[in-house]
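Residue numbers (the working numbering), protein chains in the order written: chain A, 1 to 334; chain B, 1001 to 1287. Where is the CB? At the ideal position from N, CA and C, for every residue including glycine. This structure is a prediction, so every number in the text was calculated from the model and none was measured. These notes are about the structure you will find just below.
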Amino acid sequence: MDRITSRAGRRFVHFVLLSFTVYSLVPFIWTGMQSFKTVKDAFSRTPLLLFEPTLQNYQDVWIRRVPENAEAIGLGILLAVMVLVGLLLTARSLPINDRLVYGFCLAGFGLLLWAIPQLIYMQKFYDYFINTLIVTAFTITISISIGCLAGYSLARYAGLAAVVILIAALAFRALPRLAFVLPYYWIGSLLNLLDTGLLVVVSLVAVNQPFTIWMLRSFFMEVPKDLEESAMVDGANRLQSFLRVIVPVAWPGIISTALFTLLLAYNEFLLVRVLTQSNWTLPVAISRYTGNESADEITLAAAASVSATLPIIVVILYFQKHLVKGLSAGAVKG
Amino acid sequence: MKRDTFFAFASPSVAIMLLLMVVPLAIAIWLGFHYMTFRNIAAPEFVGLRNYSDVLSDPRFWRSFNFTALYTAIVVPSWVVIGFIIALFLDQVSGFVRGVYMSIFLLPFITVPIIATIMFKQLWEPSGLLTWLYQQLTSTRFRMNETSVKTLIVFFGIWYVTPFTIVVYFAGLQTLPQEMIEAASIDGAGRLQKIRHIVIPYVSSLTVFILLFSIMDSYRVFDSVYVLSGLNPQFKADTVMTYTFATAVQVQRLGKANAMAILTVIGIMLVLIPFLRLMYKEQIAER
């Protein structure tokens, strides 16, 4: 559309956009404030916009007992995180191979996450956090690997079978989760797999597979066919040409899809709620804080919510272009 | 690509979908004919169609069906209208400012639904910001009852999913050919006329896409209802999904819950079949 140029018009545009910003942000700002309040302040009859902030809620959510040399440990962890993040951000410009740096950072974060509960007596919330990371990581890896193979073949094969699979997948995408989750519960209890990460990961991969293959297929369709044909003339077989030529070209699209898989796995509530009793992921763990309205639960729920949301926001802001691309790719092509 | 290669590449994914979607659906149909609680999971008792007659004569089921329909009827048009309007406004700014607005508008959508609902609910706790504001403006006490819980569920639904429609419409607006707009300007068309006669028809395929996915997602609403109503029957705010869940987990009538899920599957397929046929023809023509 052409631009509004009049001064009053421009003001109106910004007024609308700013109002919508406030509308989008109010729950986040309020919850953020509540999470830094003492129980007494959080329950004040008139909402307090100015108050003395406290980190007590965050401590109560994460840490069971504060160790004696808390400052030293905290400083050490902070330093390690800063070094790793610094490495991640500068990986491209370092004179070492990128992949080596990324691998080192991954190992470093893993080691750190393992070391924290050895040094500090953490709450169960930390276990749920780790559970969530593990479930999400496995779901993304499996889902994207098999999804890429299927998505690519669906983009290239012209037979009737491909169309049937695509349409069936679309139908499955529309069906209610519970139609699958209740049978999973039944199978899980017969096979003694309830409350295991395995059942959760496999179920998550399955219920998200229709969405994944549709999205990946749309990205593989964009890759010109001559590319793998020329690779195959050079003597590579299908799989080799796929892995060496197609995947690198389609990589941005694969990242977009992985990002959506990340959100789907990290967000999943119903499936985890039905299939686990104690081996929860964060959404189920946090829903426990809202059960009854005892005094300190509001501030704890606020602190837990902020804790679980921040990592996702950081990841998404870093990859925002891919997210928007993914959302619009599905849309523009139908 | 050869047939054999296709099946080799697609088989892991197809196997998972067969094993974990087709087979479970068959199991759900089978379980729907059985009486089963958590106690006789290994040996369900066959009861024929009794679960189905139980569901269809259950007033709570029909109440949850009605609320789901009401929810869909309010929320889906709101997503389309608000999303389109905000996308038009977002199209008026550019560069860094646009990026910042986009990041902020996306925020609800990328937050875990359960957590977003908890955050939204914090505003309406007895000591919440909007509770206070509501009481100042109306000088009546805000309390959780049937009307307020249902209203909050609908409001949350609108708040949470609008970012999706904003992004989709916004992406569509970026591909709008400038010549069409310029030609209309030369003919002396006003802004609203241009929107009505050029932009809305241009994005109509997107609107169909959004409507399809919105309806698919809104009838499945679960997480926000779970948090806002706490599955408390006194609020009468069950949706079909939460009532199915409650039947399985709280009342422990797993057979009846499966029957309910199968009825939902049949209902959604009836709605979906014309669209699936359309997609099928489109894909056949495309290859």
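Among the options, which one has its Cα closest to the Cα of residue i?
i: Q1174 (chain B); options: A:L18, A:K325, A:L17; result: A:K325
i: S1229 (chain B); options: B:A1069, B:F1007, B:K1121; result: B:K1121
i: Y58 (chain A); options: A:A158, A:V39, A:L271; result: A:V39
i: T139 (chain A); options: A:T281, A:L262, A:F104; result: A:L262
i: M1119 (chain B); options: A:Y318, A:L17, A:M33; result: A:M33
i: L87 (chain A); options: A:L323, A:C105, A:I77; result: A:C105
i: T1151 (chain B); options: B:T1068, B:L1272, B:R1287; result: B:T1068
i: M1 (chain A); options: B:Q1178, B:L1019, B:I1029, B:S1013; result: B:Q1178
i: R64 (chain A); options: A:R11, A:M232, A:L119; result: A:L119
i: M221 (chain A); options: B:Y1134, B:Q1250, B:R1253, B:R1287; result: B:R1287
i: Q56 (chain A); options: A:A301, A:P311, A:L317, A:T21; result: A:A301
i: M215 (chain A); options: A:Y184, A:R273, A:T257, A:T31; result: A:T257
i: V81 (chain A); options: A:Y318, A:L94, A:L112; result: A:L112
What are the residues that DSSP puts in a beta bridge with residue i?
i: I63 (chain A); result: A:M122
i: E71 (chain A); result: DSSP output for E71 (chain A) lists no bridge partner at all.
i: E1045 (chain B); result: B:Y1035
Where does residue i sit, in a helix, a strand or coil, going by DSSP?
i: E1125 (chain B); result: coil
i: F1142 (chain B); result: coil
i: E1182 (chain B); result: helix
i: E52 (chain A); result: coil
i: E228 (chain A); result: helix
i: F43 (chain A); result: coil
i: E297 (chain A); result: helix
i: Y1035 (chain B); result: strand
i: M1 (chain A); result: coil
i: V1076 (chain B); result: helix
i: L194 (chain A); result: coil
i: A150 (chain A); result: helix
i: A1237 (chain B); result: coil
i: W186 (chain A); result: helix
i: K1194 (chain B); result: helix
i: R7 (chain A); result: helix
i: F269 (chain A); result: coil
i: T1111 (chain B); result: coil
i: P1201 (chain B); result: helix
i: T31 (chain A); result: helix
i: S1011 (chain B); result: helix
i: I96 (chain A); result: coil
i: L282 (chain A); result: helix
Between the C-alpha atoms of residue i and residue j, what's the straight-line distance to the nearest angstrom?
i: V1055 (chain B); j: T1244 (chain B); result: 10 Å
i: V332 (chain A); j: L190 (chain A); result: Annotation note: pLDDT 44 at V332 (chain A) (below 50); position unreliable, no value reported.
i: M1001 (chain B); j: A1008 (chain B); result: 11 Å
i: P1163 (chain B); j: Y121 (chain A); result: 40 Å
i: A70 (chain A); j: P283 (chain A); result: 29 Å
i: L166 (chain A); j: P67 (chain A); result: 55 Å
i: P1126 (chain B); j: V135 (chain A); result: 36 Å
i: V1168 (chain B); j: L18 (chain A); result: 20 Å
i: F1275 (chain B); j: L1123 (chain B); result: 40 Å
i: F125 (chain A); j: K37 (chain A); result: 20 Å
i: Y266 (chain A); j: L49 (chain A); result: 32 Å
i: I313 (chain A); j: H322 (chain A); result: 14 Å
i: S218 (chain A); j: T1005 (chain B); result: 19 Å
i: A1248 (chain B); j: K1256 (chain B); result: 8 Å
i: Y157 (chain A); j: I1158 (chain B); result: 40 Å
i: I1074 (chain B); j: F1235 (chain B); result: 19 Å
i: A1026 (chain B); j: I146 (chain A); result: 24 Å
i: F269 (chain A); j: S278 (chain A); result: 14 Å
i: V1225 (chain B); j: H1034 (chain B); result: 28 Å
Please check if any C-beta of chain E sits within less than 7 Å of the C-beta of residue i.
i: I4 (chain A); result: Absent from the structure: chain E. Protein chains present are A and B.
* Which residues, in chain order, does the segment 1120 to 1131 of chain B contribute to contact with chain A at a C-beta distance below 9 Å? -> F1120, K1121, Q1122, L1123, E1125, P1126, S1127, G1128, L1129, L1130, T1131
* Which residues, in order along the segment 177 to 196 of chain A, keep a beta-carbon less than 9 Å from a beta-carbon of chain B? -> R177, L178, A179, F180, V181, L182, P183, Y184, Y185, W186, I187, S189, L190
* Asked: Name the residues in the segment 1075 to 1094 of chain B whose C-beta lies less than 8 Å from a C-beta of chain A; which are they?
  -> I1086, L1088, F1089, L1090, D1091, Q1092, V1093
* To do: With 7 Å as the limit, tell me which residues of the segment 143 to 158 of chain A have their beta carbon closer than that to any beta carbon of chain B; keep them in chain order.
  => I146, G147, L149, A150, Y152, S153, L154, R156, Y157, A158
* To do: Name, going along the chain, the residues of the segment 34 to 47 of chain A whose beta-carbon falls closer than 8 Å to a beta-carbon of chain B.
  => Q34, A42, F43, S44, R45, T46, P47
* Asked: Of the residues that make up the segment 253 to 272 of chain A, which ones have a beta carbon closer than 8 Å to any beta carbon in chain B?
  -> L263, Y266, N267, F269, L270
* Asked: Quick one, which residues of the segment 21 to 34 of chain A are near chain B if we go by CB-CB under 8 Å, in chain order?
  -> Shown in chain order are the members of the segment 21 to 34 of chain A whose Cβ falls below 8 Å from a Cβ of chain B: T21, Y23, S24, L25, V26, P27, F28, W30, T31, Q34.
* For the segment 1003 to 1034 of chain B, which residues have a CB atom closer than 7 Å to at least one CB atom of chain A, in sequence order? -> R1003, T1005, F1006, F1009, A1010, P1012, S1013, V1014, I1016, M1017, L1020, M1021, P1024, L1025, I1027, A1028, L1031
* Below 9 Å between beta carbons is the criterion; list the residues of the segment 1045 to 1065 of chain B that meet it against any residue of chain A, in chain order. => none
* **Members of the segment 218 to 252 of chain A near chain B, C-beta cut-off 7 Å** => R238
* Identify each residue in the segment 1135 to 1156 of chain B for which the Cβ-Cβ distance to at least one residue of chain A is less than 8 Å, and report them in chain order. => Within the segment 1135 to 1156 of chain B, no residue has a Cβ that lies closer than 8 Å to any Cβ of chain A.
* Which of the residues in the segment 302 to 316 of chain A, read from start to end, lie with their CB under 8 Å from any CB of chain B? -> A302, S305, A308, T309, I312, I313, I316
* Asked: Any residues in the segment 196 to 217 of chain A with a beta carbon nearer than 9 Å to a beta carbon of chain B? Which ones, in chain order?
  -> V202, S203, V205, A206, V207, Q209, P210, T212, I213
* **Residues from the segment 1271 to 1286 of chain B in contact with chain A, defined by Cβ distance under 8 Å** => L1272, L1276, M1279, Y1280, Q1283, I1284
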